Amino acid sequence: MNNEKKSGSGFWTGFLTACIIFLFIGCIVLSIRIFFNTTGGPGLSGKESKQVTENADSGSVLSDPAVVNKIGELEYIIDKEYIDSVSNDQLSEGIYRGIMDSLGDPYAQYYNAEEWVKMQEETQGIYYGIGAYLLKDQDYLYPRITGVIKNTPAEEAGLKKDDIIIEVEGEDVYDQNLDDVVDRIRGEEGTSVHLTIMRGEAGNREEMEFDVARRKVETPTVAYEMKANDIGYIQIAQFDTVTVGQFSEALEEVKKEGAKGLIIDLRDNPGGSLKAVVDIAGMILPKGKVVYTEDKYGRQEVYESDGKHELDIPLAVLVNGNSASASEILSGAIKDYEKGTIIGTTTYGKGIVQQIFRLSGDEAVKLTVSHYYTPKGNDIHKVGVKPDIEVEFDRDAYLENEYDNQLEKAMEVVSDELGVEYESVSTNEAKATEDAAPTEAPTDAPTEAPEH
């Protein structure tokens, strides 16, 4: 029998012994660190971390003899009959994941040590890599660079958009899982990764090699520019730890450039950090509630703006069906305070908060622990935030010439509040330019992730 294969005696003897000890002692004290966070899909992170101690109930399911016996039967069948080798770690991890899956909570998840580290990096918006966006090319089945972040090793090395990565450290990456390729490109700060790429049009491609340094990369989550009639435009892609500083900088920059009105674009923003969105709301809202949460025991926690940095210019906020969670907190609060005009389509409707509990062994679990409510007490879960002005996105017009009818409506609304006339860009006049607005066509497809 393979050494990695489960042995019916060793593993299960230990497991039964643990269960017996559990029954005799009555309870086991677990020290867990609580972190409010979520990533992947519409997500919301919450409170600052804190240390607590809880007691595990001695009447837990794993102390039930029937459950212990059933798992023992499964263990025996797998050990004796399953065709492949299975390690103890595989089965143990399967048990943990199964417990979380049994909740029926689409946001519940178990993170092993490696996944936990990666999740923290994604939540913070900071990672150690080269600074390029990758997608798997559907024609060539190799990773294709879809964008290079400014002032990163990728840009400095000379990598360009549309380069096709064919080898990482001399290994061909044809049709490999994109996450696996990304993990190999990532690495310790100060090291480098050797990449072989193909550049150029089909039939005239050139193979090139690059040694690219790895260093700390901050994911850009905010883009901004000035538009007509002295209207500033700020797009927030997601709410990470780094987003607060990026938004603050963007807001200051458009003000310096003379912004008399503002458009905040939250379309396709899946959410992120609760702390980040509350901090950003504090740069917009008057003194008062931003959001409050309530758990199953009726306990509430209120998050407020101190009103010291209240925005004093006309504001419009763009949303769509992919604006979720933290995006809905910001748009919902702005709507409740009548601080700006919400434009677009009804938002996703994720009004629940996930909490991450640190386990022993650098592992963690995430599950839903509370609902959140807008300042006026609106529960938007499965309902969403309804816009003040509903405008369906004209995808055909955008694909034809990048005419963004929702953005145009926002320009009209803010211009009207400023008392100035706005000449809307017609679909015939609109054209795509490399350095135009940072807005991308809103889509139901997942957004691309940086080369981490």
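Numbering (the numbering used here), first residue to last: 3 to 454. Ideal Cβ positions, reconstructed from N, Cα and C, are used throughout, including at glycine. Note that the structure is a prediction, hence the values are computed from the model and not measured.
Q: Please classify residue 221: does DSSP put it in a helix, a strand, or coil?
A: For the purposes of this step, residue 221 is identified with residue 219 of the sequence shown, where counting begins at 1. The answer is coil: DSSP assigns residue 221 none of H, G, I, E or B.
Q: State buried or exposed for residue 490, treating a residue as buried only when at least 16 other CB atoms are found within 10 Å of its CB.
A: Coverage of the chain is limited to positions 3 through 454, which leaves residue 490 absent and any answer about it impossible.
**Q.** the region 191-198 touching the region 209-223, judged by at least three CB pairs closer than 8 Å
**A.** With a cut-off of 8 Å, the region 209-223 and the region 191-198 count as touching, because enough Cβ pairs lie within range.
Q | Whole runs of the beta strand (DSSP E) within the region 329-417, excluding any shorter than 3 residues | A | Those beta strand (DSSP E) runs which fall completely within the region 329-417 and span 3+ residues are 343-346, 354-360 and 366-375.
Q: Flag this pair as yes or no: are the beta carbons of residue 369 and residue 107 separated by less than 7 Å?
A: As a position in the sequence shown, residue 369 is number 367, starting the count at 1. As a position in the sequence shown, residue 107 is number 105, starting the count at 1. Contact: yes.
Q. Name the DSSP bridge partner or partners of residue 174?
A. Indexing the sequence shown from 1 puts residue 174 at position 172. For residue 174, the beta-bridge partners assigned by DSSP are 169.
Q: Consult DSSP for residue 289 and reduce its assignment to one of helix, strand or coil.
A: For the purposes of this step, residue 289 is identified with residue 287 of the sequence shown, where counting begins at 1. Assigned with DSSP and collapsed to three states, residue 289 falls in coil, not helix or strand.
Q. Quick one: what does DSSP say residue 250 is sitting in, helix, strand or coil?
A. The count along the sequence shown starts at 1 and reaches residue 250 at position 248. Secondary structure at residue 250: helix, using DSSP grouped into helix, strand and coil.
Q: Look at residue 130 and residue 191 and say whether their C-beta atoms are less than 7 Å apart.
A: Looking up residue 130 in the sequence shown gives position 128. Looking up residue 191 in the sequence shown gives position 189. Taking the C-beta atoms as reference points, residue 191 is found nearer than 7 Å to residue 130.
Q | Between the CA atoms of residue 279 and residue 246 - distance to the nearest angstrom | A | To locate residue 246, count along the sequence shown from 1; it is residue 244. To locate residue 279, count along the sequence shown from 1; it is residue 277. So the alpha carbons of these two residues sit roughly 8 Å apart.
Q. Does the beta-carbon distance from residue 150 to residue 156 come in below 7 Å?
A. Residue 150 sits at position 148 when you count from the first residue of the sequence shown. Residue 156 sits at position 154 when you count from the first residue of the sequence shown. Yes, the pair counts as a contact, with Cβ atoms nearer than the cut-off.
Q.
Give me, in chain order, the residues of the same chain whose beta-carbon lies closer than 8 Å to that of residue 26; leave out the 5 immediate sequence neighbours on both sides.
A. The residue you call residue 26 lines up with position 24 of the sequence shown. Here residue 26 scores only 33 on pLDDT, less than 50, and its place in the model should not be relied on; the value that follows carries that caveat. If we look at residue 26 and ignore the five residues flanking it on each side, it has no Cβ neighbours.
Q | residue 77 versus residue 361: straight-line alpha-carbon distance, rounded | A | Here residue 77 is taken as the residue at index 75 of the sequence shown, counted from 1. Here residue 361 is taken as the residue at index 359 of the sequence shown, counted from 1. Approximately 24 Å, taken between the alpha carbons.
Q) With burial defined as no fewer than 16 other Cβ atoms inside 10 Å of the residue's Cβ, what is the status of residue 410: buried or exposed? A) Here residue 410 refers to the residue found at position 408 when the sequence shown is read from its first residue. Result: buried.
Q. Residue 356 to residue 335, Cα distance in whole Å?
A. Position 354 of the sequence shown, counted from the start, is the residue given in the question as residue 356. Position 333 of the sequence shown, counted from the start, is the residue given in the question as residue 335. Looking at the two C-alpha atoms, the distance is approximately 20 Å.
Q. Could you give the C-beta distance for residue 377 and residue 290, rounded to a whole number, given that I count them as a contact under 8 Å?
A. In the sequence shown, the residue the question calls residue 377 occupies position 375. In the sequence shown, the residue the question calls residue 290 occupies position 288. Indeed, because the Cβ distance is near 6 Å, the residues count as touching under 8 Å.
Q: Drop a sphere of 10 angstroms on the beta-carbon of residue 143, count the other beta-carbons inside from all chains shown, and report buried for 16 or more, exposed for fewer.
A: As a first step, residue 143 must be located in the sequence shown, where it is residue number 141. Residue 143 is classed as exposed because its beta carbon has fewer than 16 other beta carbons within 10 Å across all chains shown.
Q.
Considering only the alpha carbon of each residue, which of 344, 307, 90 and 180 lies closest to residue 287?
A. Mapped onto the sequence shown, residue 287 falls at position 285. Checking every option, the nearest Cα to that of residue 287 belongs to 307.
(Q) Could you give the first and the last residue of the continuous beta strand (DSSP E) run that contains residue 318? (A) As a first step, residue 318 must be located in the sequence shown, where it is residue number 316. Counted as a single uninterrupted DSSP element, the beta strand (DSSP E) harbouring residue 318 occupies residues 317-321.
Q: Consult DSSP for residue 186 and reduce its assignment to one of helix, strand or coil.
A: Your numbering for residue 186 matches position 184 in the sequence shown. DSSP places residue 186 in the helix class (H, G or I) of the three-state scheme.
**Q.** Secondary structure of residue 255, DSSP reduced to three states
**A.** Within the sequence shown, residue 255 is the residue found at index 253, counting from 1. DSSP places residue 255 in helix when its eight states are reduced to three.
Q. Whole-angstrom Cβ separation of residue 387 and residue 321, contact assumed at under 8 Å?
A. Along the sequence shown, read from residue 1 onward, the residue named residue 387 stands at position 385. Along the sequence shown, read from residue 1 onward, the residue named residue 321 stands at position 319. Sure, about 7 Å apart at Cβ, within 8 Å.
(Q) I need the straight-line Cα distance from residue 64 to residue 112, nearest angstrom please. (A) Indexing the sequence shown from 1 puts residue 64 at position 62. Indexing the sequence shown from 1 puts residue 112 at position 110. Rounded to whole angstroms, residue 64 to residue 112 spans 17 Å at the Cα level.
(Q) Rounded to whole angstroms, what is the Cα-Cα separation between residue 42 and residue 140? (A) As a first step, residue 42 must be located in the sequence shown, where it is residue number 40. As a first step, residue 140 must be located in the sequence shown, where it is residue number 138. Note that residue 42 scores a pLDDT of 36, beneath 50, so its modelled location is shaky and nothing firm can be said.
**Q.** Alpha carbon of residue 418 to alpha carbon of residue 259, nearest angstrom
**A.** Position 416 of the sequence shown, counting from 1, holds the residue named residue 418. Position 257 of the sequence shown, counting from 1, holds the residue named residue 259. Looking at the two C-alpha atoms, the distance is approximately 20 Å.
Q. Which residues bound the beta strand (DSSP E) around residue 456?
A. Residue 456 lies beyond the residue range present for the chain, which begins at 3 and ends at 454; the question has no answer from this structure.
Q) Out of curiosity, what's the CA-to-CA distance linking residue 404 and residue 412? A) As a position in the sequence shown, residue 404 is number 402, starting the count at 1. As a position in the sequence shown, residue 412 is number 410, starting the count at 1. For residue 404 and residue 412, the distance between alpha carbons rounds to 16 Å.
Q.
From the DSSP secondary-structure annotation, give me the bridge partner or partners of residue 196.
A. The sequence position of residue 196 within the sequence shown is 194, counting from 1. Listed as beta-bridge partners of residue 196 by DSSP are 213.
Q) According to DSSP, what are the bridge partners of residue 283? A) The residue labelled residue 283 in the question sits at position 281 within the sequence shown. Looking at the DSSP output, residue 283 sits in no beta bridge, so it has no partner there.
(Q) Just to confirm before moving on: does the CB-CB distance between residue 231 and residue 424 stay below 7 Å? (A) Residue mapping note: residue 231 aligns to position 229 of the sequence shown, counting from 1. Residue mapping note: residue 424 aligns to position 422 of the sequence shown, counting from 1. The answer is yes: Cβ separation under 7 Å.
Q: Could you tell me which of 353, 135 and 264 sits nearest to residue 296, measuring between CA atoms?
A: The residue you call residue 296 lines up with position 294 of the sequence shown. Nearest of 353, 135 and 264 to residue 296, Cα basis: 353.
Q: Could you tell me if residue 437 is buried or exposed, where buried requires 16 or more neighbouring beta carbons within 10 angstroms of its beta carbon?
A: Here residue 437 corresponds to residue number 435 of the sequence shown, with the count starting at 1. With a pLDDT of 37 at residue 437, under the threshold of 50, the modelled position of that residue is not reliable, and no figure is offered here.
Q.
Taking the straight line between their C-alpha atoms, what separation do you get for residue 47 and residue 204?
A. Taking the first residue of the sequence shown as 1, we reach residue 47 at position 45. Taking the first residue of the sequence shown as 1, we reach residue 204 at position 202. Residue placement at residue 47 is poorly supported in this model, since its pLDDT is 48, which falls under 50; the coordinates still yield a value, given next. Rounded to whole angstroms, residue 47 to residue 204 spans 44 Å at the Cα level.
Q: Would you kindly report the start and end of the unbroken alpha helix (DSSP H) that includes residue 94?
A: Along the sequence shown, read from residue 1 onward, the residue named residue 94 stands at position 92. Run containing residue 94: 90-103, per the alpha helix (DSSP H) assignment.
Q | For residue 137, the residue or residues it bridges with in DSSP | A | As a position in the sequence shown, residue 137 is number 135, starting the count at 1. BP columns for residue 137 point to 146.
(Q) Measuring alpha carbon to alpha carbon, tell me which residue in 292, 359 and 91 is nearest residue 341. (A) Start at 1 with the first residue of the sequence shown, and residue 341 comes out as number 339. In this structure, 292 is the residue among 292, 359 and 91 with its C-alpha nearest to the C-alpha of residue 341.
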